[in-house]
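In numbering that gives the first Met the number 0, the protein residues as written are 0 to 384.
Ideal placement from N, C-alpha and C gives every residue a C-beta, glycine not left out.
Below is one structure, written out as structure tokens, with a few remarks after it.
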Amino acid sequence: MNTGTPADLAPRLRSAADAIRDEQLARLREITALDAPSGDSRALKPVEELLASWLTELGGSPVLHPGPAGSCIEARFEGSGGSHRQRVVLCHFDTVWPSGTAASRPLRLDGDRISGPGVLDMRGGIVAALGAIEILLDLAALADPVTVVLTPDEETGSRSSLEVITRAARSAEIVLVPEPALPGGALKTSRKGWLSYELHTRGRAVHAGLEPESGINAIDEMVDQLVELRQLVRGDVGTTVSCGLIRGGTEVNVVPDRAVANIDIRVPDRSEETRVRGFLDGLNPVRADAGLTVELLHSRPPLERSPAIAAAAARASELGRLLGMKVGEGDAGGVSDANIAAAEGAVVLDGLGPVGGGAHAVDEWVSRDSITDRTALIALLLATS
Ligand SMILES: [Zn+2]
Numbered sequence: 000m001n002t003g004t005p006a007d008l009a010p011r012l013r014s015a016a017d018a019i020r021d022e023q024l025a026r027l028r029e030i031t032a033l034d035a036p037s038g039d040s041r042a043l044k045p046v047e048e049l050l051a052s053w054l055t056e057l058g059g060s061p062v063l064h065p066g067p068a069g070s071c072i073e074a075r076f077e078g079s080g081g082s083h084r085q086r087v088v089l090c091h092f093d094t095v096w097p098s099g100t101a102a103s104r105p106l107r108l109d110g111d112r113i114s115g116p117g118v119l120d121m122r123g124g125i126v127a128a129l130g131a132i133e134i135l136l137d138l139a140a141l142a143d144p145v146t147v148v149l150t151p152d153e154e155t156g157s158r159s160s161l162e163v164i165t166r167a168a169r170s171a172e173i174v175l176v177p178e179p180a181l182p183g184g185a186l187k188t189s190r191k192g193w194l195s196y197e198l199h200t201r202g203r204a205v206h207a208g209l210e211p212e213s214g215i216n217a218i219d220e221m222v223d224q225l226v227e228l229r230q231l232v233r234g235d236v237g238t239t240v241s242c243g244l245i246r247g248g249t250e251v252n253v254v255p256d257r258a259v260a261n262i263d264i265r266v267p268d269r270s271e272e273t274r275v276r277g278f279l280d281g282l283n284p285v286r287a288d289a290g291l292t293v294e295l296l297h298s299r300p301p302l303e304r305s306p307a308i309a310a311a312a313a314r315a316s317e318l319g320r321l322l323g324m325k326v327g328e329g330d331a332g333g334v335s336d337a338n339i340a341a342a343e344g345a346v347v348l349d350g351l352g353p354v355g356g357g358a359h360a361v362d363e364w365v366s367r368d369s370i371t372d373r374t375a376l377i378a379l380l381l382a383t384s
């Protein structure tokens, strides 16, 4: 049975989402009782097993793609319509919290507020997404298939998940990403790109008092390179450059022969990314005989608000209205797996997860009502797009 117009379906999905609130809280409590330190394949095992068991209960057949940083989990749910359209729900199950956090800071419920490690980023989103699939299957309202992809290393750059994400995104008509919503429930329709560089300078070590003229100061060379990099900053479009780590030298009276700096660069769009990459590729030592190497450690392309993404956000907003919620859109500072999916040309809706606060902080919390709202919204999106 498929179920008429979105307007007919919305109230049914809303009451179905209301009916699984306790079950969703129990799921969130269960997963929050497990540590999920990003990219730690051993520590992540029990979380992978739990997620695989939930996907199996829902009727999916989870496939684990093991990698050095943990396993990517992929599960496909067939629709009743027999179509071959591909929709993907993309989540990460790692958190920024080290092993031991789950025991010291278990889930707490205080009115509408659920606190605990990773409840907002993004365990609340996982629970909402699985709840959405559950109610759609219960109501026989999932016409087209959907593939759930759960990644183990988003917080540290998704190196190990990259292949699975890009493959899934390439064949998908739409990729739904239940990362936390912006305050007020808005979707994230643009995200900056991220480039993480490491610069090494090399000089010649000598006594700083006896024969400084025969040395080459690698720290001075680094300082000059960092000054060069200031030219990249473009406040008008939002390109930022931040040197976050710097080290070098051995003693104050020794001209240093080595320095290392780590640079975080954020870019609003592809053309700025190209400009930044070209600039870094073209850096040369300022001092004769100094050495310089420039290494790109990590990068994520920008998520640009394409006309197709804007249209999908407008559609989500319209569906939200049918469910009695306001779903706006906005720009997000950080990066997510949505950046990777969008770079493959997929239409991506990010920030579909619940609202809350304190992501990556000890006071992290998620709104219980919002999990219910987003469950209904994700379900309505999957049922009708
Ligand atoms: Zn996240």
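Exclusion of the five residues before and after Asn252 leaves Ala207 as the residues of its chain whose Cβ lies within less than 6 Å of its Cβ.
For Phe92, no alpha helix (DSSP H) encloses it, and the DSSP letter there is neither H nor E.
Under the 10 Å beta carbon count, Val88 is surrounded by 16 or more other beta carbons and is classified as buried. Around the beta carbon of Asn338, a 10 Å sphere encloses 16 or more other beta carbons of the protein chains shown; the residue is thus reported as buried. Unbroken alpha helix (DSSP H) stretches of 4 residues or longer found wholly inside the region 204 to 238: 217 to 229, given in chain order.
Taking a cut-off of 8 Å on C-beta distances, the region 14 to 21 touches the region 363 to 380, as three or more cross pairs fall below it. Apart from the 5 residues on each side of it in sequence, Leu141 sits with its Cβ closer than 6 Å to the Cβ of Gly78 and Leu135 in its chain, given in chain order.
Residues of the same chain with a CB within less than 6 Å of the CB of Gly130, apart from the 5 flanking positions on each side, are Ile19, Gln23 and Thr374 in chain order. Counting of Cβ neighbours within 10 angstroms places Arg367 among the buried residues, the total reaching 16 or more. Under the criterion of beta carbons closer than 8 Å, Asp349 and Leu186 qualify as touching, at roughly 7 Å. The beta-carbon distance between Gly124 and Cys71, rounded to whole angstroms, is 17 Å. This is too long to meet the 8 Å contact definition. Of the other Cβ atoms in all chains shown, fewer than 16 fall within 10 Å of the Cβ of Leu296; this residue is therefore exposed. Under DSSP, Glu271 forms no beta bridge with any residue. Around the C-beta of Val347, 16 or more other C-beta atoms lie within 10 Å, and the residue is accordingly described as buried. For the region 62 to 92, the full-length beta strand (DSSP E) segments reaching 3 residues or more read 62 to 66, 69 to 76 and 86 to 91 along the chain. The C-alpha of Gly237 is placed about 26 Å away from the C-alpha of Met121.
Within its own chain, the residues whose Cβ lies closer than 6 Å to the Cβ of Asp223, once the five positions on either side in sequence are excluded, are Val285, listed in chain order.
Contact between Asp268 and Glu303 holds: their C-beta atoms lie close to 6 Å from each other, under 8 Å.
By the criterion of at least three beta-carbon pairs nearer than 8 Å, the region 174 to 184 is in contact with the region 318 to 332. Assignment of Glu154 by DSSP, reduced to helix, strand and coil, places it in the helix class.
Shown in chain order are the residues whose CB sits closer than 6 Å to a heavy atom of ligand 1: His91, Asp120, Met121, Glu153, Glu178 and Ser335. The DSSP-derived three-state label of Thr146 is strand. Pairing Pro255 with Asn216 gives a Cβ-Cβ distance under 8 Å. Under the criterion of beta carbons closer than 8 Å, Val163 and Val176 do not qualify as touching, at roughly 14 Å.
By the 16-neighbour rule on beta-carbons within 10 angstroms, Pro65 is exposed.
Fully contained in the region 321 to 369 are the following beta strand (DSSP E) runs of length 3 or more, in chain order: 328 to 331, 346 to 349 and 364 to 366.
For the pair Gly243 and Arg257, the CB atoms are not nearer than the 8 Å cut-off. Per the DSSP secondary-structure output, Pro36 pairs in a beta bridge with Thr94.
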